[in-house]
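This report concerns only the one structure given below.
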Amino acid sequence: MALTPISDHLPPALLEACVVLGASHDRLKELYQSRPLGKDCNGTPELSLLEPEVLHIVAPLLLSNSPAQCEAVSSQGRRRRPFNMKKKERPPSAAAASSCSVQGIPGEKRNNTSGDISVPKDIDLKALPHLCFPDGLQVTNELKEERFHFLVFTDVFGNRTHGVVMQYYRLIMEGTPIYQNGHGSFHSTRLYSAYGFCVISKYPYYSALKDCMSCLLVQLRTSRLSDMEERVKEFTARLALVPVPPPGPLHVMFSLPPLNIVLPAREDEDCPPVDLDLQISLLCFRPQQLLQVLSSLLQEQRVVLFSADWAQLTLVAESLLLFLKPMSWQHPYVPVLASGMLDFLMAPTAFLMGCHSSHYKDVAAETDDLILIHIDAGTVSRSQCDTVGLPEIPIAAADCFTQRCMSLQLHFQLFQCQRSSCSDINEQRAQKRAWQRSLNMDIQKIMLELMVNIFRDVSSHLNFEHRVFNSEEFLKTREPPEMLFYKMVLETHVFHFFLKDRLNRKMDSFARMELHTRSEMQKLKCMVVNPRRPTMQEIQARRTGCHPEAMLNKRLGMSLPNLGDHPQVTRQTLTKILIYDPILQSPLKCMRVFKLPELPASLSLLSIQRFYNELILQLGKAIFCVPPENSALLARFCYLRGLINTLCSRRLEALRDFQNLYKTDTSLFPTQLVAWLVDSLLLEERQLAERRPELKRLFLKVKTDNERVSIQPDDHVKKFELPRCCLAREAFVRCVQESGIVKDGPTIQRLFDALTDHVDEKQVDPTLFKDVYTFWKEAEAQDVDLPPEVVDRLDNNECVYKLSSCVKTSHGVGKIAMTQKRLFLLQEGRPGLWEITRFRDITEVKISSSPFLLLRVPSLCIRTACRAEGFEANLKTETGLWDLVIREMWAGRRMADQHKDPQYMAQALTNMLLMDAVAGCLHSQRSIGSASKLAYFDRIKHEVPMMVPEATSQTLKHKINPSQDLAEPQTVHVLLYTPGQLSCSDTEEGGNPKLWVALSGGRVVVFDAASWSMLQDCIQVGNAQLNCMLGVGQDQVWIGSQDSVIYIVDPRSMSCNKQLTEHRHEVTGFAVYNEQPYSCSAEGIILLWDASSLTVNRQLLLTCDRLSSIQIHNGMLWCCCGDSIVEVRRNGALQRRISMPDDLLTMPSCFNSFVLIMELGQLWTGCPDSGELCVWHTSDAKRPVKRIPLPGISGVNCMIRVKDQIWVGCQGDRVLGGPYGGQLRSLVLVVDPGSHAVQKELQAHSDTIHTLCSAEHRYVLSGSGRRDGKIAIWKVD
């Protein structure tokens, strides 16, 4: 199969093409002869406008070592790839240019030895001359100053190409004899014509390319007109040698005399490089006007920029689009419109365009519904309208943005006034670049914070499993003045693509800032998902802070650390926070500048090869000097060297450089280029590569990737729609999850049973579903008007979830209110509240009868442990429902208290609200009976006693749910506790300790181990099951997978950007000795690693059926090898082997866990199919094994040693009801090594316990299978 061209797989070069434009020599001569230029009566030089034409196009070719191309390069002089348009596609001016150096410039004709080469596909040659001369090509008799402006071209797929244009005036004719009416005359008038030089690039390097053009200008000024073409070719060829830096902490510098020019790197793959002064928009507009501009872009209006300076149009437009990040503009984008292109402004779709300010009045008068942005005047208006008339950005976010902008220092002169002057221009430019980079970063942080403040709450209204965004639910949480703004934005394309990224759990700068700026209250809310109702704190804030100037919006407080728990934050407080807020005070990331060798003066093939050889040598020296722990910088150097080796046809060296990216930064790995390199290897190269293990593994991966069927990721976004047909059980579950009512599968199943009770066909009618949905949403939107004295009596996080009608009670007439903690009575005519009871204090709930006239009516009686007398309420027809929901809340509270699991109370609350909805929608006498099917906790309370054993109650501290954002619980495969030094933030402090949880399918969840709040809900590391985890140093978490890869997660960025691929089978275990990590795989391979360089120092091989784990004690390796425990020296020599007892050998069983207690000379082992522990005497092999039976246990899954105890995770063999839902009861056993006795039997899980983890010997954490999916936190005595 023929190979595709390598250019299809290389990243775009810095330079796509250089286009020279101007007027032809014949046209200039004709103009001069017909009307010599002079001055008008006012003494102003007269101007003539000519039609600009494409005179020449030059673009580089890739370096080739083939003899034929070497000869072609040599014969064509100093250009790497001559670039001419296809003859059949050229306009007349360009067709003539192919046989002439530059039209209008005297020069000899050249042969086109390269054949027809296409022009850049994104460039419209017919429009380019007009864009390069938007004012027209001017010919004058006085020399004019050079001018620069910038262009952006967009193809049909939204890909952008950028252009930097320089208009340069040259003396064309002087003293030419002119013959008029047969008489000769001589004019000494000078004639100057403008030439346009347009450098085209895929990257928006506006400042760098402008500097390059300025260096070219120095050469053009001193060269003859006939040499202009040659200077342009040399300039183009030199720029083509400059590699573009990959995303990350490495800039590239090169020299074009007299300047040193820097190419800044992109921050990440999805962001363009920032090579312009972002403060230009802040200097042109006040913050209020800039907010109006951003609001119009977010609402996808038809926006037109105006300026008398063509350069400012593109620079302002580019900065505005950068300010929208992570939003991405999806509509037509033409920042420069020539005078003949103004009809583009009649387009009916949204767009962002720019034109000269001289057209402002005409555009404003002749077009409707345009947002007119006058850059020079700093104004924002609407065509044919006095006001802009667009919804404004939410005022809290806008106020924060305004205060941030006021704190910026936008002028370099103020920064420089106290510093010494630089005598060297490059030193001065370097100082300016450093200041500009710091300012750009501050501006980007402010703009990103604005976007976070506006869209922070979006993620809480997403259903990730079904990719649904509940827009109606989101809108109901907005303040009334904000509603129209959000309604407009939610319908835009930019928001749709933003939703795609959120649903894909993209960890970009928006997600990182949103995560790192959560308030403590918001972190706590992540622990338990409660149905949404306004809390008492929010009600207080709404009342005391109704005026936006005096009160900071609650959602804004979430973006400012440590503000979430304060109900009132005044403007004065906000200003103080802005000064010291870490968002702006965080240090700049350290960047390294790599200077390229001097670009060759002669651009022969030999000179180019010499330049590349020198560049490879310098990159090698840089790689050698970078410390191994700086893997990010190391990856960038390896990537650049791999690209240069590819260009020089050093395929094996290139593959080795790219292979190193697995250990440094996998995000840079060029998959398609590596596949092309592997396919292009010659036979002798392939044979040589097969002898290199690292390249052999790379070949295997490329082959596997090629054979794998590519599956397009599902990136659609749905909005919830009510069903139109009857729903069977499966469809009902999906529809309820999409609606956002509840995610839990078993709860939805019970809801389906309740709605289809007494129905022959087990289907839910769409009308009934709509009634339930409407009831639920109306209840969420209900705002209970509580008196201030009542709000003050309740806790800040309490919400009123149910309120009765006015009823007669034993304590007067009033309304009964229910929160998640208590019942209280709002008495008629009396201020305050009378607390009926807290749910944990209830002792009895029953329905009794009370006399009413000659009848006895049902009433609800509640007895509590705090009062001798009971509380009785005549709730009339509501009695049965209130009895049902109070019993469920009471049972849920008891479960939550006994199991130390707040999720039980949240589940009971959800059950209560669903019962309320079912009873309200089923208008029949059986509605209470149907709703009772949702009383889950009250039912299991009557099935079996819920009392938790005393040992469990005393030892259990807390339970957390790592699957709380998922529809179904997931198995907890591995747990890892990392102390505070392993920080997930970029602060100087060590940060809180973390709990890393490996779930099914390569999913990792991270908790803050100080508050047990979730920090990161999904870090995806492959798709296979994860077997083991290890914290290495302060900046690495190693995760071993069944796919044979060790994934390395950076705890600061919460991203998996490194992989170790030396193992051939599934990675099963880790150990560490003297800060050196060991890893093992199932086939018996043990690798000793250098943690800093991620290289293998030693490899050991054990002969065994399956190596499942390793430990290191006293410098010796202890290995769990299926039917034996093996002690091995660190050099690989076998020390001893302890085999499984003979009676167990007859069973299909094996060792799966062991604990070694060296001071006692004991080795404890467990098997998954045996309900006993075996204790071996390591100091005396002749002593018989001690076997400790574990009653009621069918197998041992994991063991760890904590202090002087052995904790054992078991699988029970008894089936229980109640909280265990009819599943297996699993125990955590605490065993005393001295007496061999079981000290404690701890019950907390309803499925197999898969993993145990110690947290600094203070706590033990246990994780269970998917039927339970919880993590229990146990106190250690």
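Numbering (the numbering used here), first residue to last: -15 to 1261.
Don't be surprised by glycine CBs; every beta carbon is placed ideally from N, CA and C.
In this text, all values refer to a predicted model and were calculated from it rather than measured experimentally.
* Asked: Should E1276 and F704 be called a contact, given that it needs their Cβ atoms to be closer than 8 Å?
  -> The question about residue 1276 has no answer here: the residues shown for the chain are numbered -15 through 1261.
* Given Y190 as reference, the closest of F642, S239, S210 and P257 once Cα atoms are compared -> P257
* **Identity of the residues DSSP links to H926 by a beta bridge** => Answer is none; H926 lacks a bridge partner.
* To do: Would you mind working out which of F991, H1220, L1140 and D485 sits nearest K1170, comparing C-alpha positions?
  => H1220
* Using the rule of at least 16 other Cβ atoms within 10 Å of the residue's Cβ for burial, across every protein chain shown, is A(-3) buried or exposed? -> buried
* **Q122: first and last residue of the uninterrupted beta strand (DSSP E) it sits in** => L121 to T124
* Asked: Within 10 angstroms of its Cβ, does L536 collect 16 or more other Cβ (buried), or is it exposed?
  -> Legend: pLDDT at L536 = 36, less than 50; position of this residue unreliable, value from coordinates given subsequently. Its Cβ being crowded by 16 or more others within 10 Å, L536 is buried.
* Asked: With 16 other CB atoms within 10 Å as the buried threshold, where does E284 fall?
  -> buried
* Sort R421, K484 and M150 by Cα distance to L135 and report the nearest one. => M150
* To do: May I ask you to list the residues that DSSP assigns as paired with Y1243?
  => A1239 and K1259
* **CA nearest to the CA of R1185, picked from V216, G913, A1165 and V1244** => V1244
* Asked: What alpha helix (DSSP H) runs, 4 residues minimum, are completely inside the stretch 888 to 939?
  -> 911 to 915, 920 to 927 and 934 to 939
* Among V577, S588 and S591, which residue has its Cα nearest to the Cα of L603? -> V577
* Which residues in the same chain as G1249 place their Cβ atom closer than 7 Å to its Cβ, once the five residues preceding and following it in sequence are excluded? -> T955, D1231, T1232 and H1234
* For S984 and V686, the rounded distance between their alpha carbons -> 26 Å
* Range covered by the alpha helix (DSSP H) that runs through E764 -> P750 to A765
* Span of the alpha helix (DSSP H), counted from its first residue to its last, around H9 -> H9 to S18
* Backbone secondary structure at S291 - three-state DSSP -> strand
* Do the CB positions of R871 and V932 come within less than 8 Å of each other? -> no
* Got a sec, what are the start and stop residues for the alpha helix (DSSP H) A801 sits in? -> No alpha helix (DSSP H) holds A801; the beta strand (DSSP E) holding it covers G796 to T803.
* **Rounded separation between D549 and Y888 - CA only** => Low confidence applies here, because D549 scores a pLDDT of 36, under 50, leaving its location unreliable and the question unanswered by this model.
* To do: Quickly, what does DSSP pair S185 with across the bridge? List them, please.
  => H146
* Asked: Looking only at DSSP bridge pairs, what is I1122 linked to?
  -> I1109
* To do: Just tell me which of F753, E862 and L1226 has its CA closest to the CA of V791.
  => E862
* **First and last residue of the uninterrupted beta strand (DSSP E) at Q1095** => S1093 to H1097
* Asked: Per DSSP, P842 is paired with what?
  -> S833
* **Per-residue DSSP class, three states only, for W660** => helix
* To do: Could you tell me how far apart the beta carbons of H1241 and V1260 are, in whole angstroms, since I believe they sit closer than 8 Å?
  => 6 Å
* Asked: Taking the C-alpha atoms as reference points, what is the distance between L354 and L865?
  -> 57 Å
* Three or more beta-carbon pairs under 8 Å between the stretch 943 to 961 and the stretch 907 to 925, yes or no? -> no
* Go ahead and label N1098 buried or exposed: buried means 16 or more other beta carbons lie within 10 angstroms of its beta carbon, across all protein chains shown. => exposed
* Tell me where the alpha helix (DSSP H) around F439 begins and ends. => I409 to F439
* Asked: Which partner residues does T821 have in the DSSP bridge list?
  -> L807
* Name the DSSP beta bridge partners of W1102, please? -> Q1095 and E1111
* Residues near N690 in its chain [Cβ-Cβ closer than 8 Å; skip 5 each side] -> A659
* Asked: Just how far apart, CA to CA, sit G1176 and Q938?
  -> 22 Å
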